[in-house]
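Peer 1: Under the numbering used here, think of the first position of the sequence shown as 12, with each following residue one higher.
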Amino acid sequence: MFEPATTKNIGLRGVKVADTKISHVDGENGILIYRGYRIEDLAKNSTFEETAYLLLHDRLPGAGELEEFNRQLVRARQIPSFILNTLKDLPHGAPPMDVLQASVPLLAMADPDVTNDSREANVTKAMNLIASIASLVAAWQRIRHDKDPLPNDEALSHAGNFLWQLTGEKPDPETAKDLDTALVLHADHSFNPSTFACREVVSTQAHMYAAVAAGVGALSGSLHGGANAQVMKMLMELRDEKDVRGWVNKQLDSGRKIMGMGHAVYKTIDPRARFLKDMCFRLGKKLGQEHWCNLSSVIEESAVSAFEKRGKTTIKPNVDFYSAPVYHMMGIPGDLMTPIFAVSRIAGWTAHIIEEKFGDAQEKPALYRPSSEYIGNYCGKTGCAYEPLETRK
Ligand SMILES: CC(C)(COP(=O)(O)OP(=O)(O)OC[C@H]1O[C@@H](n2cnc3c(N)ncnc32)[C@H](O)[C@@H]1OP(=O)(O)O)[C@@H](O)C(=O)NCCC(=O)NCCS
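(1) I'd like to confirm something about residue 330: is its beta-carbon nearer than 8 Å to some heavy atom of ligand 1, or not?
(2) Any chance the CB of residue 23 is under 8 Å from a heavy atom of ligand 1?
(3) Where DSSP assigns a beta bridge to residue 48, which residues make up the other side?
(4) Please say whether residue 134 and residue 107 have beta carbons closer to each other than 9 Å?
(5) List, from N- to C-terminal side, the alpha helix (DSSP H) runs of 4 residues or more that fit wholly inside the region 243-292.
(6) From what residue to what residue does the beta strand (DSSP E) around residue 346 run?
(7) Which residues bound the alpha helix (DSSP H) around residue 115?
(8) Three or more beta-carbon pairs under 8 Å between the region 157-173 and the region 67-80, yes or no?
(9) Rounded to the nearest angstrom, how far is the Cβ of residue 95 from that of residue 150, given a contact under 8 Å?
(10) So, for residue 220: in the same chain, excluding its five sequence neighbours on each side, which residues have a beta-carbon less than 8 Å away from its beta-carbon?
(11) DSSP three-state call for residue 162: helix, strand or coil?
(12) Is residue 328 helix, strand or coil when you go by DSSP?
(13) Is residue 202 near ligand 1, going by C-beta to nearest heavy atom under 8 Å?
(14) If distances are taken between C-alpha atoms only, which option among 192, 246 and 89 comes closest to residue 306?
(15) Which stretch, first to last residue, makes up the beta strand (DSSP E) that contains residue 34?
(16) Which same chain residues end up closer than 6 Å to residue 236 when comparing Cβ atoms and leaving out the 5 residues on each side of it in sequence?
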């Protein structure tokens, strides 16, 4: 007989719910790999487009394949006008993550092939989503400021075109490359909460868009992708390095979190944070805004030392800690930092959705359906006596 394992209230930590061939996090050693390649290697040598291809197809593309993939992404940047008109009708103060989550089902409605669940159709949907999420985030930034969305520039890379459509200024190649690298770093992270949400939804055989909408919702929380926006708030609030130590101790003494620190899997520094820290100082020097990186660094030192004094030796900066000042220096507003996480993570979500749908990593995909312990009211097998409304006290 099937004996269910009992693992309650631990957030499924350490519970292996499925196999995957897509990415692996070695939390003890601070190592992240996508399809076998170290993240540092991809960040230095790859592009977001090539990394997205790798995640989706389990191998790096040849030159012709990458060219065709890029062409398809560029073609899919165009958002249907009914979606842009719908966005124009939304309250302009709506949080960008809510707008993004609401827009994903509109993309499903725009897809004439939405009910085609073949692998080929899902790969096409993945490319459309990778292109469209960036266009949607940029379009909303324009619309909420009473500006028309900008046409895409076919000559620009995914990251470069995103910056152009967002700001209305053609980015310098170095800034576009830095954003491209940040997108590579955020593209996948094994069974993180939003990816697991996507996999859970498609395990019911729902379509890719339904899963991605759930993924956007999961990413929005401040313990997940929402942390980068909270880090930026912290930097804005602190501003002065001399206030850091007192503030950190006050946060921890009152049981509050230091955002951008700690991780469910990493027990050492997140390799993406190390990369983004270097990028922060390089960008800061170039733009004369090094104070953001100095301030972040002082918070890091102070927080790590305060955690250690409290016996918590494994809490170090995660990916969100240095991405916040990096994005800020690129001119990206705080409330778009989490949507930009989605602009990248859509590559991983769609790769995981395809893996889940087609049982690529294990023979038989199964509907996720955990059990729960019922601890509520119980009146025996007959159930509690139902009191009609008229006689109920
Ligand atoms: C990501 C996070 C939810 C992981 O939590 P977790 O798996 O419970 O982490 P740990 O088991 O290592 O936590 C151990 C202890 O340290 C505390 N802790 C972890 N991160 C902390 C943080 N950033 N600030 C303050 N305390 C923290 C936990 O509350 C827990 O305290 P307790 O033992 O007194 O209950 C957590 O580190 C966090 O909330 N970080 C801030 C949000 C963030 O940056 N999220 C983005 C993640 S990429």
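C-beta: ideal position from N, C-alpha, C; glycine also. Since this is a predicted model, take the numbers as computed values, not measurements.
Peer 2: Let's see:
(1) As a position in the sequence shown, residue 330 is number 319, starting the count at 1. Yes, since a heavy atom of ligand 1 falls inside the 8 Å radius drawn around the Cβ of residue 330.
(2) Position 12 of the sequence shown holds residue 23. Flag unset: Cβ of residue 23 not near ligand 1.
(3) The residue labelled residue 48 in the question sits at position 37 within the sequence shown. For residue 48, which the question treats as bridged, DSSP gives the partners 45.
(4) Within the sequence shown, the letter at position 96 stands for residue 107. Within the sequence shown, the letter at position 123 stands for residue 134. The answer is no: Cβ separation not under 9 Å.
(5) 255-264
(6) By 1-based counting over the sequence shown, the position of residue 346 is 335. First-last for residue 346: undefined, no H or E at that position.
(7) Within the sequence shown, the letter at position 104 stands for residue 115. Per DSSP, residue 115 belongs to the alpha helix (DSSP H) from 107-121.
(8) no
(9) The sequence position of residue 95 within the sequence shown is 84, counting from 1. The sequence position of residue 150 within the sequence shown is 139, counting from 1. Residue 95 to residue 150, Cβ: 6 Å. Contact.
(10) The residue given as residue 220 occupies position 209 in the sequence shown. Here the set comprises 115, 116, 118, 119, 122, 125, 136 and 140.
(11) In the sequence shown, counting from the first residue as 1, residue 162 sits at position 151. Coil at residue 162, not helix or strand.
(12) Here residue 328 refers to the residue found at position 317 when the sequence shown is read from its first residue. Correct three-state label for residue 328: strand.
(13) The residue you call residue 202 lines up with position 191 of the sequence shown. Flag unset: Cβ of residue 202 not near ligand 1.
(14) Start at 1 with the first residue of the sequence shown, and residue 306 comes out as number 295. Cα-wise, what sits closest to residue 306 is 246.
(15) Looking up residue 34 in the sequence shown gives position 23. Where residue 34 is concerned, the enclosing beta strand (DSSP E) stretches over 34-37.
(16) Position 225 of the sequence shown holds residue 236. If we look at residue 236 and ignore the five residues flanking it on each side, its Cβ neighbours are 230, 349 and 352.
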